[in-house]
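So the structure is just underneath, and the comments pick up after that.
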Amino acid sequence: MRTTAPAPELLADHTGKPRARFETDLTYEQTRLGLAFHEAGHAVLAMSYGMHVETTEVIAWTNEAGGVSVTGTTTFQVRNPCPWQFAAQAAAGELAHVQHLLTYGLWTPERAATCAADHDREHAVDVLAQSGFRLGRDHVPAGGRSWAMVRGMARRKVTHLWPEICAVAHAVDARDRLTGDEISALTGLAQVPAVVEVEAA
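Here our numbering is used: the first residue of the sequence shown is 51, the next is one more, and so on.
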């Protein structure tokens, strides 16, 4: 566990604003494992959709109040993605987090609310918009899809890949950080090659 907070960019959303923070009545160990499931949801779905996963990790540190704060991050490369698969990957973190509560007998409405990851949804909305795809937060836009439709797509994939998500979550919880190659070896999912940037001579 760190004694200082991670770099501000690890606590911010894609626009640079601080991500929402939640208090929970779960123990540190339960909270940490829940975050590991959140990141495993992102990583496993990204890899299953053909994205090159670089790392997934859980970060814990002693906060200014003397307690413990926990966050996580998953990085990957996207090459010619299906926009809806990218959005489903974004939705998978929260869904895996909630499924962890259900699986371990920890679910309550209040605890489920602390799994909310609006920053993941907003990131997907903005990334898709840059490519001309419309993802509606609470409606189906003309020619597009709603976040509820994307969550349904992600939920089916999370259910299908639950054993792989569990394996990755427990490994991340134990080791703090996994590389994409380690995730591939652990789950049997194919890791596509990284995109290598070549500088012009």
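Glycine is no exception: its CB is placed at the ideal position from the N, C-alpha and C atoms.
Within its chain, find whatever has a CB closer than 7 Å to the CB of residue i; leave out the 5 residues flanking it on each side and keep chain order.
{"i": "C216", "result": "none"}
{"i": "Q135", "result": "Y99"}
{"i": "A244", "result": "H102 and Q127"}
{"i": "F72", "result": "T164"}
Counting only the same chain and skipping the five closest in sequence on each side, list residues whose C-beta sits under 6 Å from that of residue i.
{"i": "Y78", "result": "V118"}
{"i": "V175", "result": "L185"}
{"i": "A55", "result": "W111"}
{"i": "A141", "result": "V200, R201 and A204"}
{"i": "F87", "result": "A146, H147, H150 and A219"}
Residues in its own chain within less than 8 Å of residue i by CB, not counting five upstream and five downstream?
{"i": "Q241", "result": "M97, H102, V103, G230, D231, I233 and S234"}
{"i": "V190", "result": "S196 and M199"}
{"i": "L228", "result": "A93, T105, T106, E107, V218, A221, V222 and L236"}
{"i": "R30", "result": "Here the chain covers residues 51 to 251 and nothing more, so residue 30 does not appear."}
Please classify residue i as buried or exposed, where buried requires at least 16 neighbouring CB atoms within 10 angstroms.
{"i": "K67", "result": "exposed"}
{"i": "F126", "result": "buried"}
{"i": "E214", "result": "buried"}
{"i": "L239", "result": "buried"}
{"i": "R225", "result": "exposed"}
{"i": "E107", "result": "buried"}
{"i": "R129", "result": "exposed"}
{"i": "G116", "result": "exposed"}
{"i": "P133", "result": "buried"}
{"i": "L85", "result": "buried"}
{"i": "L60", "result": "exposed"}
{"i": "R187", "result": "exposed"}
{"i": "L19", "result": "This structure cannot settle anything about residue 19, because the visible part of the chain is limited to 51 through 251."}
{"i": "Q180", "result": "exposed"}
{"i": "R206", "result": "exposed"}
Going by the DSSP bridge assignment, what does residue i pair with across the sheet?
{"i": "L228", "result": "T106"}
{"i": "T123", "result": "E107"}
{"i": "T112", "result": "V118"}
{"i": "P68", "result": "A62"}
Quiz prompt | Those runs of the alpha helix (DSSP H) which lie wholly inside the region 147–197 and span at least 4 residues | solution = 159–163 and 168–180
Practice problem: Taking 8 Å as the threshold, find out whether the region 89–96 comes into contact with the region 129–146 through three or more Cβ pairs. | Solution: yes
Quiz item: Okay, do the region 59–66 and the region 164–175 touch, 3+ Cβ pairs below 8 Å being the bar?
Solution: yes
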